[in-house]
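Peer 1:
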Amino acid sequence: MARCFTTEPTRLRDVYWGALLHDLGKIGIPDAVLLKQGPLDETEWAVMRAHPEAGQRILMPMPALDEAAEIVLCHEERYDGSGYPAGLRGNEIPLGARLFAVLDTLDAMTSDRPYRRGVDFDAAKAEIERMSGSQFDPLAVEVFLQEEATLREMVTLKCGAALLP
Numbered sequence: 001m002a003r004c005f006t007t008e009p010t011r012l013r014d015v016y017w018g019a020l021l022h023d024l025g026k027i028g029i030p031d032a033v034l035l036k037q038g039p040l041d042e043t044e045w046a047v048m049r050a051h052p053e054a055g056q057r058i059l060m061p062m063p064a065l066d067e068a069a070e071i072v073l074c075h076e077e078r079y080d081g082s083g084y085p086a087g088l089r090g091n092e093i094p095l096g097a098r099l100f101a102v103l104d105t106l107d108a109m110t111s112d113r114p115y116r117r118g119v120d121f122d123a124a125k126a127e128i129e130r131m132s133g134s135q136f137d138p139l140a141v142e143v144f145l146q147e148e149a150t151l152r153e154m155v156t157l158k159c160g161a162a163l164l165p
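According to the UniProt record's numbering, the sequence shown is numbered sequentially starting from 1.
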């Protein structure tokens, strides 16, 4: 998706590393929270919400990953300002983080979790389209839709035959 905005290798590398390392801060979260079968309580949710800042802190000593660290920090922000950790909105959120937020949601929705089964690509796509302008940058959703065939194939490869009609 980032290639729709730049062909500059450095920028593409930054988005790649930010996406790859986005949940790095979860390394310090106890499995009892990460793998909990039901909803998180207030204390557990506070621990979980700290993971973007923890991930950024881990990457800070590596200047070559400064831009990736911004994606790590901002990947839970929402276009309408309702995300975390800083409540950034719109273009205050780095472009790489706005793009990645759509892909992170696609992955989360189509993956099985301890507390629920993943949904198929079409259900995830419908939810992403519905959240355009609130959770997601409309431009990021537009690019997601342009890349639908590739992303659908990636989800099928990730999830296997379970998602085939």
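All C-beta atoms in this analysis are idealised placements derived from N, C-alpha and C, irrespective of residue type, glycine included.
Roughly how many angstroms separate the alpha carbons of T10 and E70, rounded to a whole number?
Peer 2: The alpha-carbon atoms of T10 and E70 are separated by roughly 15 Å.
Peer 1: Suppose the cutoff is 6 Å on Cβ atoms and the five residues either side in sequence are ignored; what does the same chain contact list for L164 look like?
Peer 2: The pLDDT assigned to L164 is 49, lower than 50, so where the model puts this residue is not dependable, and the model offers no usable value.
Peer 1: Within 10 Å of its beta-carbon, does residue 166 have 16 or more other beta-carbons around it, so buried, or fewer, so exposed?
Peer 2: In this structure the chain extends from 1 to 165, so residue 166 is not present and cannot be described.
Peer 1: Using the Cβ count rule (16 or more neighbours within 10 Å means buried), how would you classify A161?
Peer 2: In this prediction, A161 scores a pLDDT of 47, lower than 50, which makes its location untrustworthy; the coordinate-derived value is nonetheless stated afterwards. Classification for A161: exposed.
Peer 1: For the region 19-73, which segments carrying the alpha helix (DSSP H) assignment without a break, of at least 4 residues, lie completely within its bounds, in sequence order?
Peer 2: Qualifying alpha helix (DSSP H) stretches, in chain order: 31-34, 42-49 and 51-59.
Peer 1: With a cut-off of 8 Å on the beta carbons, I'd call A124 and L106 a contact; round off their distance for me.
Peer 2: Contact holds; Cβ gap of about 5 Å.
Peer 1: For L114 versus K36, is the C-beta distance shorter than 9 Å?
Peer 2: According to the sequence shown, residue 114 is Pro rather than Leu. Cβ atoms of P114 and K36: closer than 9 Å.
Peer 1: Check whether the region 95-104 touches the region 42-51, taking contact to mean three or more Cβ pairs, one atom from each stretch, closer than 8 Å.
Peer 2: No, the region 95-104 is not in contact with the region 42-51.
Peer 1: Taking all protein chains shown into account, do 16 or more other C-beta atoms lie within 10 angstroms of the C-beta of G18, making it buried, or fewer, making it exposed?
Peer 2: Buried.
Peer 1: Give a yes or no on whether the C-beta atoms belonging to G55 and L73 are separated by under 9 Å.
Peer 2: Yes, Cβ-Cβ distance for G55 and L73 is below 9 Å.
Peer 1: What is the rounded straight-line gap between the Cα of G90 and the Cα of L103?
Peer 2: One C-alpha to the other measures close to 17 Å.
Peer 1: Looking only at C-alpha atoms, which of R116, E77 and R78 sits nearest to residue 174?
Peer 2: Outside the shown range of the chain, which is 1 to 165, sits residue 174, and nothing can be said about it.
Peer 1: Look at the Cβ atom of E127, then the Cβ atom of M109, and state whether they are nearer than 9 Å.
Peer 2: Going by C-beta atoms, E127 is nearer than 9 Å to M109.
Peer 1: For the alpha helix (DSSP H) containing Q146, list its first residue and its last residue.
Peer 2: Element bounds for Q146: P138 to Q146.
Peer 1: Taking the DSSP output, what are the residues bridged to S132?
Peer 2: According to DSSP, which records beta bridges pairwise, S132 is partnered with F136.
Peer 1: When you compare only the Cα positions, how much space is there between G118 and R152?
Peer 2: The alpha-carbon atoms of G118 and R152 are separated by roughly 14 Å.
Peer 1: Within the same chain, show all residues whose beta-carbon is closer than 7 Å to that of S111, passing over the 5 residues directly before and after it, in chain order.
Peer 2: G118, listed in sequence order.
Peer 1: Under 9 Å between the Cβ atoms of Y84 and G133?
Peer 2: Going by C-beta atoms, Y84 is not nearer than 9 Å to G133.
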